[in-house]
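Participant:
Number of protein chains: 2
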Amino acid sequence: MQTQHVTLAEQLMRGEVFSDQCPSRQILNHVTSRWGGLVLIALMSGTHRFSALRRKIRGISEKMLAQTLQILEQDGFVARTAYPVVPPHVEYTLTPLGREVARKVEALADWIETNLHEILSRRPGATN
Amino acid sequence: MQTQHVTLAEQLMRGEVFSDQCPSRQILNHVTSRWGGLVLIALMSGTHRFSALRRKIRGISEKMLAQTLQILEQDGFVARTAYPVVPPHVEYTLTPLGREVARKVEALADWIETNLHEILSRRPGATN
DNA sequence: CAGTATCCTCATTGATACTG
DNA sequence: CAGTATCAATGAGGATACTG
Numbered sequence: 336m337q338t339q340h341v342t343l344a345e346q347l348m349r350g351e352v353f354s355d356q357c358p359s360r361q362i363l364n365h366v367t368s369r370w371g372g373l374v375l376i377a378l379m380s381g382t383h384r385f386s387a388l389r390r391k392i393r394g395i396s397e398k399m400l401a402q403t404l405q406i407l408e409q410d411g412f413v414a415r416t417a418y419p420v421v422p423p424h425v426e427y428t429l430t431p432l433g434r435e436v437a438r439k440v441e442a443l444a445d446w447i448e449t450n451l452h453e454i455l456s457r458r459p460g461a462t463n
Numbered sequence: 336m337q338t339q340h341v342t343l344a345e346q347l348m349r350g351e352v353f354s355d356q357c358p359s360r361q362i363l364n365h366v367t368s369r370w371g372g373l374v375l376i377a378l379m380s381g382t383h384r385f386s387a388l389r390r391k392i393r394g395i396s397e398k399m400l401a402q403t404l405q406i407l408e409q410d411g412f413v414a415r416t417a418y419p420v421v422p423p424h425v426e427y428t429l430t431p432l433g434r435e436v437a438r439k440v441e442a443l444a445d446w447i448e449t450n451l452h453e454i455l456s457r458r459p460g461a462t463n
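Chains as they are written, first to last, in the numbering used here: chain A, 336 to 463; chain B, 336 to 463.
#1: So within the region 361-430 of chain A, which uninterrupted beta strand (DSSP E) runs reach at least 3 residues, ignoring any that extend past its ends?
#2: Taking only the alpha-carbon atoms, compute the straight-line gap between M379/B and A377/A and give it to the nearest angstrom.
#3: If you follow the alpha helix (DSSP H) that S354/A is in, where does it begin and where does it stop?
#4: Among L400/B, E351/B, S359/B, V374/B, which one has its Cα closest to the Cα of S456/A?
#5: Buried or exposed, going by whether 16 or more other CB atoms sit within 10 Å of the CB of A417/B?
#6: What three-state label does DSSP hand N450/A in the structure shown?
#7: Could you work out which residue in E448/B, K398/B, L404/B is closest to Y465/B when comparing CA atoms only?
#8: Do E367/A and T367/B have their C-beta atoms closer together than 8 angstroms?
#9: Measuring straight from C-alpha to C-alpha, what distance separates K398/A and L388/A?
#10: Would DSSP call R438/B helix, strand or coil?
This is the structure in structure tokens:
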């Protein structure tokens, strides 16, 4: 296999992921951020309330959950529905667009979980 | 830090990314880190030398490229081959395992690029 | 319940210099 | 060429307290 020569034009045509200016990088960062992907995957199983998400996604803080949900809502991946009751009741659901990204993210996460044993066993120091 | 009380055994048994103890979360972080995914995608087109990767992935520093490559090598996704010559010649290639993850990451990036217009047009402030 | 507001820590990253 | 070493800066993220 040889190192292949790739022109700038070819790079741009293949995709703008290698470019820092393209907004696609931002979206990619959102869905692959520390919590973004987990929120998307969590919502795949249906509508969740804020506190339900917090319990499900271990280790996430209130702040980061709120922030992540806002970003994903901005991107049109998550729909937020607030019921005007006391105490407050807010539901989060994936939009059709969100379901699609979530599926891609989940495919990645699933692959990792499926192959986790194989991966870990190859790591240095693995007892195997 | 850990506001919920879930035993370690419980989390490990779930074996899911939602557990902050499960190693799968670390692997997920590696391949979705700022540079991890880009390195994987870059290597999909074949073997690359260190400097070739640096040129291809615009904006990455030597330090971060070296660090990212080491992590991906530890995970068994990237194979490093050093030829004992002067000046040094080192080649990086995806392992079979690495090719599989890379495909998933690429699928995600591709989806975003394909749907970028749709996503952006729904965002607040879009001229549409 | 579902957040905000504030403050603060520390991990990630970058710049620069150096080396086998 | 392919890194490592060191230091500095940024900002993502966490703890806590408070509110509609």
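All C-beta atoms, glycine included, are put in the ideal place defined by N, C-alpha and C.
Facilitator: Working from what's here:
#1: Runs of the beta strand (DSSP E) lying entirely within the region 361-430 of chain A and spanning at least 3 residues, in chain order: 413-418, 424-429.
#2: Distance between the alpha carbons of M379/B and A377/A is about 30 angstroms.
#3: Premise fails: S354/A is in no alpha helix (DSSP H) and is neither H nor E.
#4: Distances from the CA of S456/A to each of L400/B, E351/B, S359/B, V374/B were compared; the closest alpha carbon is that of S359/B.
#5: A417/B should be labelled exposed.
#6: Correct three-state label for N450/A: coil.
#7: As shown, chain B starts at 336 and ends at 463. That puts residue 465/B outside it, with no answer to give.
#8: In the sequence as displayed, the identity of residue 367/A is Thr instead of Glu. The answer is yes: Cβ separation under 8 angstroms.
#9: Straight across, the Cα-Cα distance linking K398/A with L388/A is about 13 angstroms.
#10: Residue state, collapsed to three classes: helix.
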